[in-house]
Structures are given as structure tokens and as C-alpha cells.
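I have placed the structure first, in the form of C-alpha cells, so that the comments after it can refer back to it.
There are 2 protein chains.
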Amino acid sequence: VQSNSTSATADTVTADLSDRLARIVGDKHLITGGVRLRPHLEELRGRYTSACRAVALPADAGEVAAVVQTCAAAGVSIVAQGGNTGAMGGAVARAEQVIVNLARMNRVLEVDPVNYTMRVEAGCILANVQAAAADAGRLFPLSLGAQGSCQIGGNLATNAGGINVLRYGNTRDLVLGVQAVLADGRIWDGMNSLRKNNTGYDLKNLLIGSEGTLGIITAATLKLFPAPKRRVVAVAGVASPDAALDLLGRLRDASSDRLSTFELMANIAVQSAVRHIAGQTDPLAGEHDWYALIVADGTVDGDGDAGAGLRRDMEAGLARALDDGVLRDAVIAESESQARKLILLRENIVEAQNFEGGSIKHDVSVPVAQVPEFIRRVHAAILDAMPAARAYPYGHMGDGNIHFNISQPPGMDKEKFLAQWRPMNRIVHEIAHQLGGSFSAEHGIGLTKLEEMARYKSAVELDLYRQIKRALDPHNLLNPGKVLPAASASR
Amino acid sequence: VQSNSTSATADTVTADLSDRLARIVGDKHLITGGVRLRPHLEELRGRYTSACRAVALPADAGEVAAVVQTCAAAGVSIVAQGGNTGAMGGAVARAEQVIVNLARMNRVLEVDPVNYTMRVEAGCILANVQAAAADAGRLFPLSLGAQGSCQIGGNLATNAGGINVLRYGNTRDLVLGVQAVLADGRIWDGMNSLRKNNTGYDLKNLLIGSEGTLGIITAATLKLFPAPKRRVVAVAGVASPDAALDLLGRLRDASSDRLSTFELMANIAVQSAVRHIAGQTDPLAGEHDWYALIVADGTVDGDGDAGAGLRRDMEAGLARALDDGVLRDAVIAESESQARKLILLRENIVEAQNFEGGSIKHDVSVPVAQVPEFIRRVHAAILDAMPAARAYPYGHMGDGNIHFNISQPPGMDKEKFLAQWRPMNRIVHEIAHQLGGSFSAEHGIGLTKLEEMARYKSAVELDLYRQIKRALDPHNLLNPGKVLPAASASR
């Protein structure tokens with residue numbers, strides 16, 4: 163009886179809160195059940211069971227603020243959600259929580275090609291942001307697998323990485339200003355569009371990467387760049403990760419630092435793609451222990467001499483590397499279609515792994531100079547732990563973010579292999595940590611990496627995080643339980 | 163009697179504290195009087211009277227921590243000081259305070275050319291940091307007037323700007339990690355050297371630009387870049403700031419975004435340099451209303467074809483701009499000595515202003531696209547306020563940071579003119595604010611711009627600053643009274 167009565171009270175609270183939220187966003191834009199709820203509760207890797215009181219879809223920052231105020235008054239905490247494509251469970255909610263989804267706030271507010279900036283609402287799909295920039299002859303460089311469905315607000319909240327970090331940096335480096343709703347429901351307007359503005363503490367970067375725990379980002383001013391018009395794409399065969407590292411430095415020099423991609427791929431990964439993916443061939447004549455996919459972008463257009471400089475520079479750099487024994491063989495794409503084919507090799511490696519059975523994945527980084535040592539140590543440690551496991555090291559060598567994935571031993575039971583996820587993670591994370599690396603290079607913390615936060619972050623650093631969280635969200639209303647492994651402050 | 167007694171007590175406190183501090187840093191490294199005190203109390207513009215109980219010169223982060231703990235225990239607040247070259251009074255102290263100067267912590271800990279990083283102690287002179295990077299074939303791009311005496315820790319604390327922001331960003335963009343001593347005397351080790359590390363709140367950027375009010379930066383990991391080996395330097399004559407803006411966009415495209423400098427100079431400023439500085443000539447055949455100094459850097463070395471690409475790209479871009487009527491005339495340096503001479507024009511403009519009598523200076527920025535409108539409005543407003551004043555707009559057009567300096571009317575009393583500093587500032591800051599600009603582009607806040615902070619920052623933003631300050635420095639021990647216009651929290 164007691165519990166029924168409590169439950170009835172909770173239902174009443176929910177009903178009251180739902181009424182108030184519906185008055186803010188409109189009945190149509192408050193989801194409390196049915197099939198429309200499902201996409202908001204799905205979770206990429208199927209690791210968590212998500213639930214919520216309601217999903218509110220506000221139309222503007224004012225409505226977000228009103229939703230936050232209303233929830234705060236009811237003591238109900240809030241999970242901000244974008245495209246719900248995160249891999250770490252950052253947008254997973256509990257039954258008593260309200261999800262605020264930014265999908266309706268999807269306007270590109272302004273593209274200013276002269277200022278090399280654009281202003282967007284948080285709910286814009288990343289691909290639409292890229293397209294709006296391209297329409298104005300500019301580049302917004304953030305690019306990642308989920309770009310067709312992830313929202314720019316989620317990219318900011320998680321400081322997403324992606325494939326252009328070598329040249330353009332992470333999301334953080336691409337943002338000039340943000341607007342956000344704070345835990346008390348006030349709107350902070352930090353929509354700076356200046357390149358130089360040295361006034362006060364850096365609130366923008368505090369919000370970026372905080373995964374909705376310090377504020378809900380509602381809009382942003384983004385940096386744009388000249389749109390690339392020519393690209394030079396090459397694949398090189400090298401004897402070792404050390405040689406690849408040497409090649410990376412030489413080509414940064416040779417290209418006047420115009421490399422946008424430098425991906426390292428182990429031969430086992432390349433041959434797996436050749437074996438499993440229709441139409442994929444080895445781009446080089448013989449097999450090599452390691453391959454590098456290299457892309458350089460130039461913005462000079464035109465035929466003949468104009469626009470040919472970058473290709474000449476890259477050819478000269480590769481030729482010198484060949485002469486000096488740094489690389490064994492290389493091919494430069496002669497056409498855009500050949501370029502696309504070379505780039506596809508890297509994507510096909512990801513696809514091909516599915517044919518090799520279960521795969522334990524990692525999102526780690528080390529200092530770029532430590533990539534060869536990292537690969538050596540992890541490889542040895544994995545074979546030590548599971549002699550028949552197959553290591554597939556590949557990834558963004560240019561920024562130290564190697565996806566050291568491990569495929570199951572042939573014939574082993576998949577579930578039995580995947581049960582080794584945590585101990586394998588531990589092996590890889592420990593080695594990354596010893597080399598000054600990170601256990602989360604580009605995916606963030608969410609719920610998945612709370613244990614690693616507690617293990618690898620210093621007590622001083624965790625204290626600082628908690629002090630900041632308490633200062634900006636004293637009642638722990640914004641995405642509680644994410645990012646910070648603070649048992650004492652959970653709600 | 164009462165006041166004598168209080169004074170005697172204060173003296174005793176000072177003596178006790180000095181003893182304890184001397185035991186930490188060594189007698190030789192605690193300055194409590196005499197000529198060695200003077201350089202620590204001097205202030206660039208002579209606006210403030212600085213004083214202190216003592217200047218402590220710690221040898222390492224451990225000693226900084228011990229000094230902070232000791233001062234905290236005594237309830238004495240601390241002013242962190244680097245090269246003491248700041249223009250905003252950020253390193254000015256009061257008689258009851260202790261100055262912690264980082265000059266002895268001047269070791270370059272490591273230069274890693276393969277990782278494109280270096281680790282330095284906070285007291286390193288900026289020029290020495292640049293030189294250590296260059297010795298390893300790398301570029302540390304931060305460059306500014308005081309580089310021969312400013313310390314890298316001060317550059318970080320103030321997020322210094324300088325002349326390479328267009329291409330490489332502010333200090334903030336050049337830092338991967340920091341180590342800092344917190345208000346409670348603990349050391350936070352955030353010496354990250356990763357390009358991708360998505361774990362936790364961005365403490366690094368919170369400390370950068372906080373002017374010693376949230377922590378004392380004791381070391382940093384800096385980003386390096388390939389060293390430029392070729393540069394293309396040009397001066398163009400254009401009809402208007404609008405034409406200069408058009409030229410900037412065209413040359414960013416034409417050079418594959420390798421512009422490091424794009425400086426706009428009014429004819430009055432160029433002709434003043436020609437008139438006052440020996441050897442300075444107008445680089446173009448006829449006078450133009452506006453001039454642009456343009457520098458593009460490439461890292462490709464060698465003669466003949468290799469290395470010539472950037473020059474060809476720039477020539478092509480300038481030729482197209484001439485054909486399209488965007489520029490009237492241009493000269494490209496044929497040699498490095500001619501290049502140096504063209505660059506000197508910009509520096510000579512600063513020098514020449516001294517011959518024109520008193521000058522009221524500004525450190526403002528606007529969105530790059532608003533530079534022409536900003537110049538028009540400020541020019542009109544200044545002539546309105548003082549019809550005979552001479553406006554010398556020049557500066558970093560590439561990042562929107564125009565130094566709109568005003569020279570006194572010929573024959574006017576200099577002191578009488580300089581007495582107009584505040585109302586003139588107000589005119590310029592108001593117009594910058596209306597255009598989405600900043601009242602402090604690269605120099606920070608210190609004491610000088612507290613009034614502007616109160617005037618132009620929103621109540622929400624000031625609240626956030628204060629919440630963060632209270633969270634990280636609850637007893638207001640670190641550089642109190644700077645950055646935040648918080649009368650209620652002063653010490």
C-alpha cells in the first residue's frame with residue numbers, strides 16, 4: 163500500500179510536470195510515450211536501458227530555459243540530447259528524468275563568408291552545417307561517421323574529434339562562441355564571433371566537452387575556412403610505424419602543413435579489406451607491413467600552373483622519402499575517382515572487421531611521437547593475454563588517436579571473446595596511460611568511462627571538476643551521474 | 163597610538179611571513195626592499211603605484227606551492243608576476259601583498275620535434291622559447307613586441323595575442339597542457355601533450371587568460387609547427403578598407419590559407435612613417451588611401467620549382483585582384499632584405515606616431531567583416547568630438563584587431579589632449595560594442611579595464627565568473643581585485 167501510494171504520488175508529479183512542460187513547448191512537442199519515444203531511448207551500443215518521464219522538444223532557447231526552470235522547481239533533473247549518436251551513454255536517461263532534445267532548433271542563423279563564421283542553432287545536423295558552409299564557398303571542417311544524424315550541439319557538448327583533427331583541430335578549436343541555458347534556467351549569451359577577445363574567463367571552453375553537465379548549449383558561432391578545391395591523395399607502403407612517423411614529419415614540411423589526413427594501417431587490416439570487401443584491391447604492387455593514407459588539401463583552383471603547386475610539393479616530398487629509404491613504395495591518385503578509391507580503403511577496413519567475428523574496440527590516444535612504442539607494447543601485451551587474438555592497429559596517426567581494435571581468435575565463441583572487453587580495455591588503457599596517453603581520445607566519458615575517470619585522473623583534478631560542477635549546478639540538475647565519478651553527488 | 167600599534171603588529175606579521183617565505187625560497191630569493199625590488203613594482207604605462215610585502219622567487223612548482231600555502235595560512239594574498247610587461251596593470255600589487263615572480267623557473271624542459279610539442283617552465287622568456295623551437299627545426303608562432311622580456315607564463319595568464327593570430331591563433335590555441343598551483347597550494351598537473359584527449363572539463367583554458375586569479379601557471383606544454391622556410395611579402399595599395407577585406411579573402415584562397423599577416427594601414431599613417439623615419443620610403447609609386455602589408459609563409463625549402471609554388475600562388479592571386487579592380491598597385495619583395503624593409507613599414511608607423519605628439523591608444527577588435535564599418539563610424543565620431551584630432555587606423559585586419567590610435571591636433575597641449583583618454587576610449591569602445599566587438603582584444607583586463615567589464619559584460623556572465631572564482635579561490639587569495647569588477651569580494 164505504501165509503495166502504491168508513493169507510486170501514485172510520483173505519477174501525479176509526472177502528470178503535473180508534463181502539463182507544465184506541454185504548456186511551454188506545445189502538446190505536440192512533448193513526448194511521454196508511444197513509438198515517438200523510442201529513438202530517444204535507443205543507445206548506440208545497446209549497453210544501457212534508457213527511460214524518461216518525458217522528452218521535451220523546445221523551439222528556441224527561451225523554451226529550453228523555461229523547461230529547465232520548470233524541472234528545477236520540481237527537483238527533476240535533465241538530460242540534454244542531440245542526435246543521440248554518442249557511443250558513451252552520455253544521453254541515456256533514467257525514468258525520473260526529463261530529456262530535452264534540441265532537434266527542432268535546427269536553423270542555420272547566418273553564414274558570413276567574409277568573416278569566415280557561421281551561427282547555428284544547436285539542433286542543426288552536422289551534414290547540414292557542412293553544406294551551408296560549402297554553399298558559401300567555405301569549409302566547416304568537422305567531419306565524422308555520424309554526420310548525417312548527429313547534431314552540432316552534441317558535437318560541441320562532447321568536443322567531437324573526427325578525421326580532420328590533424329589540420330583543423332577538435333570541435334573545440336572550431337568554435338568562437340556559444341549560447342547556453344544554465345542550471346538555474348538563465349540564458350548565457352556568449353555568441354562571440356571575434357578572433358581576438360581577451361575579456362574574462364573562458365566559459366565557452368568550459369561548456370564545450372562538458373556533456374550537458376554544466377549547461378545546455380543552444381547555439382554556436384563556428385569558424386569557417388577557405389574551401390579546399392584541390393586535393394592530393396596518396397597511399398604509401400612503409401616498413402614500420404617509426405618509418406610512418408618519419409614520413410608524417412617530412413610531408414608536413416613538404417606540403418607547407420597542408421595535410422588534413424594521415425592514417426596508419428597495419429597490413430593485416432588492409433588485407434582483410436581486400437579479402438572481404440568487393441572491389442577493394444591493394445593499391446600497391448606488393449604487400450607492405452604498414453600502409454599510410456595521406457591527404458593534402460589546397461584551396462588554389464585552376465588548371466596548369468595554378469593549383470599544381472601542392473601536387474608538385476607532395477610528389478617531391480614522397481620522392482625524397484623514397485630516396486632516403488623512409489618509404490618502400492607509394493601511389494598518388496591521378497584523378498578524383500582514384501582519390502576516392504584510395505580513401506575508401508580506410509573505410510573498408512572498418513567494414514571488413516565485421517567479417518572477422520567479434521571485435522573489442524578502443525578510443526585511445528598517445529603523444530604522436532609515442533605511437534610506434536604504443537603499438538609495440540599493446541601488440542605484445544594482447545598476444546600475451548590471448549595468443550590467438552588478432553590486433554588491427556589503424557587510425558589517425560596524425561593526431562595520435564590509434565583505434566587499436568582486437569578481433570577474436572578464429573573459431574572462438576564470439577560472446578566468450580566479447581566477455582573479455584573489460585580486461586582487454588584495461589590492458590590497452592594502462593599502456594596508453596604509461597605513455598602519457600588518454601583512455602578517451604574523441605568519444606568523451608558519458609557513463610561508459612566513469613571507472614577510468616576515477617582510475618586515471620588525479621584527486622586534485624577530480625576535485626576541481628567537482629568544485630566547478632557544484633558552482634555552476636549546485637542542485638545537480640544537469641545530466642547528473644555523467645562525466646564525474648562522484649558517488650556522493652549523484653541524484 | 164592605536165594606529166602605531168596596528169602598524170607594529172603588521173610589521174611583525176610581515177617579518178614572520180618573510181622569515182617563512184625565505185626558508186622556502188632561500189634568503190637570496192626573497193626581496194623585501196632595495197633596488198632589486200624596483201623592476202617588480204614598475205608598471206608599463208606609469209598609471210599605478212605598485213608595492214608589496216615581498217617578492218618571492220621560487221625555484222620550482224613545489225616552492226610556488228609552499229609559498230601559496232604559507233601566504234594562505236597568513237591570510238595574505240598573492241600577485242603572480244612574469245616579465246612584468248603587461249599593459250593593463252595585472253601584475254600591480256598592494257603593500258600588504260606578496261608577489262610571486264617566476265623568473266627563476268626558466269628551463270626549457272623538452273623539445274620534441276616528432277611530437278611537435280615542447281614543455282617549458284613558466285618563467286622562460288618568450289624569445290628563448292621561440293629559439294629553442296627553431297633550433298629543433300620547428301616554429302612556436304607566438305610573437306609580440308615584448309618577446310625579449312615577457313615570460314611564457316605571463317603570455318598564458320593573459321592569453322596574449324600578437325602578430326601571427328590570423329594563421330596560428332592566440333596563446334590559448336598554442337597550448338596543449340599546463341601545470342598550475344591552486345589557491346589552496348596544491349599542484350594541478352595538467353601537462354597534457356595529446357592532440358586528442360576528451361576527458362573531463364577544460365581546466366587548461368579556464369586557467370589561460372585568468373590573469374593569475376584562478377591559479378599560478380608553473381609550466382606548459384606548447385604546440386609546435388613546421389618551421390617556415392620561405393616567405394612571400396607584399397604591400398598592396400587599395401582604395402578602401404572594403405577593398406582590403408575583399409583582398410584578404412582572395413589571398414586566403416589563393417595561398418591555400420598560408421597568410422600569417424594581413425595588416426591594414428591608412429595613408430596618413432604610412433606618410434607619417436615616410437616623413438619621420440630615416441630611410442622609410444613609400445613602397446608604391448603613387449600614394450594610396452589605404453595600404454595592406456601581406457605575409458605568406460611556406461615550409462617548402464629548395465630552389466627552382468620546389469619552394470616556388472607559394473610565390474606563384476601569391477603572384478597569381480594579386481594579379482587577379484588587380485585585373486578585377488580590387489587593388490590599385492602592389493609590390494612583392496624580390497629578396498629577403500626587401501621583405502624585411504616592407505615589414506619595417508608597419509613597425510615604423512608605430513614609431514612615427516611619437517613624432518606627432520600625444521596619442522590615445524586602443525586595443526579593440528570587431529568581427530573581421532565589420533572592420534570597414536568600424537573604421538568609418540569611429541572616424542566620424544572622433545572628428546565630431548574633436549575636429550582637429552588625427553585618426554591613425556592601422557592594425558591586424560586579418561583578425562579584426564584594429565589599433566585605432568588618435569594623435570593630438572597639431573599645436574594642442576599634449577597633457578590637455580591626453581586628458582581626453584577616457585572619453586575617447588568610451589567613443590571607440592561603444593562603437594566596437596555595437597558592432598559585436600571587444601574592448602580588449604589582446605591585452606586583457608587587469609585593473610585598467612574593470613570599468614569596461616562592468617559596463618559591457620552581462621549580469622549572467624559576471625555571475626558565472628564570480629561563481630567560478632569563488633569555487634576555485636574561496637578566500638580570494640589569488641590576484642584579488644583583478645579581472646572581476648566585484649566590489650563585494652575585494653581583499
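Just so you know, the protein sequences line up as chains A and B, in that order. Positions 163 to 653 (the working numbering) are the ones given, in order, by the first sequence. Positions 163 to 653 (the working numbering) are the ones given, in order, by the second sequence. Glycine included, each C-beta is placed from N, C-alpha and C at the ideal position. Keep in mind it's a predicted model, so treat the numbers as computed, not measured.
Residues bridged to residue i [DSSP beta-bridge criterion]
i	result
Thr-279 (chain A)	A:Asp-274, A:Lys-385
Trp-452 (chain A)	A:Val-400, A:Ala-428
His-565 (chain A)	A:Tyr-556
Asp-459 (chain A)	A:Arg-393
Val-493 (chain B)	B:Val-397
Asn-332 (chain A)	None; Asn-332 (chain A) has no bridge partner.
Ala-216 (chain A)	A:Val-260
Ile-378 (chain A)	A:Val-343
Arg-185 (chain B)	Answer is none; Arg-185 (chain B) lacks a bridge partner.
Leu-192 (chain A)	A:Ala-218
Asp-351 (chain A)	A:Gln-341
Ser-521 (chain B)	B:Ser-569
Ala-242 (chain B)	B:Val-262
Gln-313 (chain B)	B:Ile-287
Integer-rounded CB distance, given that residue j should sit under 8 Å from residue i
i	j	result
His-591 (chain B)	Val-526 (chain B)	7 Å
Val-260 (chain B)	Arg-198 (chain B)	About 15 Å; that fails the 8 Å criterion.
Asp-475 (chain B)	Gly-479 (chain A)	Actually they are not in contact, since the Cβ atoms of Asp-475 (chain B) and Gly-479 (chain A) sit about 17 Å apart, beyond 8 Å.
Gly-560 (chain A)	Leu-421 (chain A)	7 Å
Val-340 (chain A)	Ala-294 (chain A)	Contact doesn't hold; Cβ gap of about 18 Å is too wide.
Ser-602 (chain A)	Thr-361 (chain B)	5 Å
Val-217 (chain B)	Asn-263 (chain B)	6 Å
Thr-375 (chain B)	Lys-619 (chain B)	In fact, because the Cβ distance is near 15 Å, the residues do not count as touching under 8 Å.
Ala-107 (chain A)	Ile-593 (chain A)	Residue 107 (chain A) cannot be examined here, being either before or after the span of chain A that is shown, 163 to 653.
Pro-303 (chain A)	Phe-387 (chain A)	6 Å
Residue burial classification, residue i (beta-carbon count within 10 angstroms, cutoff 16)
i	result
Asn-359 (chain A)	buried
Asp-465 (chain B)	In this prediction, Asp-465 (chain B) scores a pLDDT of 45, lower than 50, which makes its location untrustworthy; no coordinate-derived value is stated.
Arg-658 (chain A)	Outside the modelled stretch of chain A, which goes from 163 to 653, sits residue 658 (chain A), for which no answer is possible.
Thr-380 (chain A)	buried
Arg-681 (chain A)	The structure shown does not extend to residue 681 (chain A), since chain A is modelled only from 163 to 653, so the question has no answer here.
Arg-502 (chain B)	exposed
Trp-583 (chain B)	exposed
Gly-196 (chain B)	exposed
Gly-208 (chain B)	exposed
Gln-313 (chain A)	buried
Gly-315 (chain B)	buried
Lys-611 (chain B)	buried
Pro-555 (chain B)	buried
Asp-459 (chain A)	buried
Gln-596 (chain B)	exposed
Arg-200 (chain B)	exposed
Glu-604 (chain B)	buried
Closer than 8 Å to chain E by CB, residue i
i	result
Thr-461 (chain A)	Of the chains in the structure shown, none is chain E; the protein chains are A and B.
Given 8 Å as the limit, is there contact between the segment 510 to 525 of chain A and the segment 425 to 436 of chain A, that is, 3 or more CB pairs closer than that?
Judged by pairs of C-beta atoms under 8 Å, the segment 510 to 525 of chain A touches the segment 425 to 436 of chain A, as three or more such pairs exist.
Counting only Cβ-Cβ distances shorter than 9 Å, please list the residues of the segment 279 to 293 of chain A near chain B, keeping chain order.
Listed by position along the chain: Thr-279.
Interface positions of the segment 524 to 540 of chain B facing chain A (Cβ-Cβ less than 9 Å), listed along the chain
From the segment 524 to 540 of chain B, only Asp-525, Ser-527, Val-528, Pro-529, Val-530, Ala-531, Gln-532 have a Cβ closer than 9 Å to chain A.
What are the residues of the segment 349 to 368 of chain B that lie near chain A, defined by any Cβ-Cβ distance shorter than 9 Å?
Within the segment 349 to 368 of chain B, the residues whose Cβ lies closer than 9 Å to some Cβ of chain A are Ile-349, Trp-350, Asp-351, Gly-352, Met-353, Asn-354, Ser-355, Leu-356, Arg-357, Lys-358, Asn-359, Asn-360, Thr-361, Gly-362, Tyr-363, Asp-364, Leu-365, Lys-366, Asn-367, Leu-368, listed in chain order.
Along the segment 386 to 401 of chain B, where does the CB come closer than 7 Å to a CB of chain A? Name the residues.
So the list reads Phe-387, Pro-388, given in the order they occur along the chain.
Members of the segment 594 to 616 of chain B near chain A, C-beta cut-off 9 Å
Under the 9 Å Cβ criterion, the segment 594 to 616 of chain B contributes Gly-598, Gly-599, Ser-600, Phe-601, Ser-602, Ala-603, Glu-604, His-605, Gly-606, Ile-607, Lys-611, Glu-614, Met-615.
Determine which residues of the segment 305 to 317 of chain B have a Cβ less than 7 Å from any Cβ of chain A, and write them out in chain order.
Cβ contacts with chain A come from no residue of the segment 305 to 317 of chain B.
Just by C-beta distance, which residues in the segment 320 to 339 of chain B are closer than 9 Å to chain A?
Result list: Thr-320, Asn-321, Ala-322, Gly-323, Val-327, Leu-328, Gly-331, Asn-332, Arg-334, Asp-335.
Members of the segment 414 to 438 of chain B near chain A, C-beta cut-off 9 Å
Taken in chain order, the members of the segment 414 to 438 of chain B whose beta-carbon sits within less than 9 Å of a beta-carbon on chain A are Arg-414, Asp-415, Ala-416, Ser-417, Ser-418, Asp-419, Arg-420.
Below 8 Å, can you find three or more Cβ-Cβ pairs linking the segment 542 to 556 of chain B to the segment 564 to 575 of chain B?
The segment 542 to 556 of chain B, when compared against the segment 564 to 575 of chain B, does touch it at the 8 Å Cβ threshold.
Against chain A: residues of the segment 470 to 484 of chain B by CB proximity under 9 Å:
With the criterion set as a beta carbon lying under 9 Å from some beta carbon of chain A, the members of the segment 470 to 484 of chain B are Ala-470, Gly-471, Leu-472, Arg-474, Asp-475, Ala-478, Gly-479, in sequence order.
Count the C-beta pairs between the segment 631 to 646 of chain B and the segment 384 to 397 of chain A that are closer than 8 Å, then say yes if the count reaches three, no if not.
The count of Cβ pairs closer than 8 Å, one atom from the segment 631 to 646 of chain B and one from the segment 384 to 397 of chain A, stays below three, leaving the stretches out of contact.
Contact set between the segment 266 to 278 of chain B and chain A, restricted to residues whose Cβ is under 9 Å from the partner:
The residues in question are Asp-274, Pro-275, Val-276, Asn-277, Tyr-278.
With 9 Å as the limit, tell me which residues of the segment 554 to 579 of chain B have their beta carbon closer than that to any beta carbon of chain A; keep them in chain order.
The residues in question are His-558, Gly-560, Asp-561, Gly-562, Asn-563.
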